[in-house]
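Student: If you count by the numbering used here, then the sequence shown holds residues 384 to 674, one letter each, in order.
Virtual Cβ for every residue (Gly too), placed ideally from N, Cα, C.
Owing to the predicted nature of the structure, the values given are computational and were not obtained by experimental measurement.
One structure, pasted below without further comment.
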Amino acid sequence: MGTKNKFRKRVRINCGEYMHIGIVGLGVVGTANRVGFQQLKHDVKCHDIRFNTTIDIVKDTELVCVCVPTPSSINGSCDTTIVKSVIVDLHNLNYKGVIAIRSSTVPGFTQSMINLFPDLKICFVPEFIRERHAVEDFTQDHKILVIGTEDQQSFETVRKAHGHYPWYVKQLKPTEAEICKYYMNIYAATRIVYSNIVYEVAQKFDCDYKEIKDAYVKTGRHADMYLDVDPKMRGYGGACLPKDMKAWIRLLKDLGLDYELFETVHKDNKKFKTTIFPGMRPEDEGTNTVS
384 MGTKNKFRKR VRINCGEYMH IGIVGLGVVG TANRVGFQQL KHDVKCHDIR FNTTIDIVKD
444 TELVCVCVPT PSSINGSCDT TIVKSVIVDL HNLNYKGVIA IRSSTVPGFT QSMINLFPDL
504 KICFVPEFIR ERHAVEDFTQ DHKILVIGTE DQQSFETVRK AHGHYPWYVK QLKPTEAEIC
564 KYYMNIYAAT RIVYSNIVYE VAQKFDCDYK EIKDAYVKTG RHADMYLDVD PKMRGYGGAC
624 LPKDMKAWIR LLKDLGLDYE LFETVHKDNK KFKTTIFPGM RPEDEGTNTV S
């Protein structure tokens, strides 16, 4: 079936029609999903190996959201080992509900899982939440819900679960949804680096970067997001952008696409001086840590 033009405006769903939802992995994304779904009065079952639970707890749910880590491999690629192991476990449980992969994955991964496990209903549902405002973005600023599936039942199940949160709902093919997630994060990282460079140029001329940025935003061509520069938190960091940038660079190489732009962006990001405190952003690279 075609998935084009599946773009829907915000629709109110009766939150009283609660569902049984499972969440595997309670990191930033999993926790935001848990809180958001609980606020919609859904019955939420959670599994995380850190809390001595077992995956059997989600067996009888209608939807399970897979929110486990996808760290960088040695060569920078996205390591989907944990995601695949969860899908294998659900297959062994003879799971009958819809499996929504919310972890970042390499384009083509979800489709490969669909091909490998045709008896499972697997889709890719990227998240676009900010790391420090995850719950707020999920429940109050959920601009778009992208559902990567060609199965209409899976699409409706995921859409219903999110209730009135999304402003818009967009149906894509699984691989299109995976690329969409990288599109967002790589563009965000590139904007951050560019803004930091403009900030340094402004400093050289003893100019106020914020005033320059505010004037630029007023042109209406771009939103304000990712343009702010914090002198003590320079460049992009956190759990998502660095690893997604490395995965994107690796993907381009694997596809035989010879572009150096993003390698340069990632390299230049490490030049920015960032002062962090122990435990504040431990996953960041190229930072000056205050002990």
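#1: Pairs of beta-carbons, one from the stretch 516-533 and one from the stretch 614-625, closer than 8 Å: are there three or more?
#2: According to DSSP, is glycine 531 part of a helix, a strand, or is it coil?
#3: Spatial neighbours of proline 490 within its chain, please: C-beta separation below 6 Å, excluding the five flanking residues on both sides.
#4: Just to confirm before moving on: does the CB-CB distance between alanine 415 and leucine 446 stay below 8 Å?
#5: Is the beta carbon of aspartate 462 closer than 8 Å to that of serine 456?
#6: When you compare each of Ile505, Tyr577 and Leu635 to lysine 654 by their alpha carbons, which one comes out closest?
#7: Going by the C-beta, is valine 600 closer than 7 Å to any heavy atom of the ligand HEM?
#8: Count the other C-beta atoms from every protein chain shown that fall within 10 angstroms of the C-beta of alanine 544, then say buried if there are 16 or more, exposed otherwise.
#9: Quick one: what does DSSP say phenylalanine 492 is sitting in, helix, strand or coil?
#10: Taking the beta carbon of methionine 608 as the centre, do at least 16 other beta carbons fall within 10 Å, making it buried, or is it exposed?
#11: Measuring alpha carbon to alpha carbon, tell me which residue in Lys556, His547, Lys650 and Gln422 is nearest serine 537.
#12: Look at cysteine 506 and valine 481 and say whether their C-beta atoms are less than 8 Å apart.
#13: What are the start and end residues of the beta strand (DSSP E) that includes lysine 442?
#14: Which of helix, strand or coil does DSSP assign to phenylalanine 507?
#15: Taking the straight line between their C-alpha atoms, what separation do you get for isoleucine 632 and aspartate 502?
#16: So the beta strand (DSSP E) cysteine 429 belongs to, where does it begin and stop?
#17: In three-state DSSP terms, what is histidine 403?
#18: What are the start and end residues of the alpha helix (DSSP H) that includes glutamine 554?
#19: Could you spell out where the alpha helix (DSSP H) holding alanine 630 opens and where it closes?
#20: Determine, using beta-carbon pairs with one atom in the stretch 469-476 and one in the stretch 644-653, whether at least three such pairs fall under 8 Å.
#21: Go ahead and pull the three-state DSSP assignment for cysteine 398.
#22: When the Cα atoms are used, what is the spatial distance from leucine 528 to aspartate 534?
#23: Output the distance between the C-alpha atoms of leucine 638 and alanine 630, rounded to the nearest integer angstrom.
#24: Please work out which residues of its chain come closer than 6 Å, Cβ to Cβ, to threonine 573, disregarding the five sequence neighbours upstream and downstream, and give them in chain order.
#25: Just to confirm the assignment, what range does the beta strand (DSSP E) spanning isoleucine 484 have?
#26: Between threonine 532 and glutamine 554, what straight-line distance do the alpha-carbon atoms span, to the nearest angstrom?
#27: So, is the C-beta of aspartate 607 closer than 8 Å to a C-beta in chain B?
Tutor: Reading off the structure:
#1: By the Cβ criterion, the stretch 516-533 is not in contact with the stretch 614-625, since fewer than three pairs of Cβ atoms, one from each stretch, lie closer than 8 Å.
#2: Strand, per DSSP.
#3: Thr558, Glu561 and Ile562
#4: no
#5: yes
#6: Tyr577
#7: Of ligands this structure carries none, so the ligand HEM is not represented either.
#8: The residue in question, alanine 544, is buried, as its Cβ has 16 or more Cβ neighbours within 10 Å.
#9: helix
#10: exposed
#11: Lys556
#12: yes
#13: Annotation: lysine 442 is outside any beta strand (DSSP E) and is labelled neither H nor E by DSSP.
#14: strand
#15: 33 Å
#16: Counting along the chain, the beta strand (DSSP E) containing cysteine 429 begins and ends at 426-430.
#17: strand
#18: Segment 551-555 is the beta strand (DSSP E) holding glutamine 554; no alpha helix (DSSP H) there.
#19: 624-637
#20: Between the stretch 469-476 and the stretch 644-653 there are fewer than three C-beta pairs closer than 8 Å, too few to call the two in contact.
#21: With a pLDDT of 49 at cysteine 398, under the threshold of 50, the modelled position of that residue is not reliable, and no figure is offered here.
#22: 16 Å
#23: Cα-Cα distance, rounded: 12 Å.
#24: Val648
#25: 481-484
#26: 7 Å
#27: Absent from the structure is chain B; it holds one protein chain and no more.
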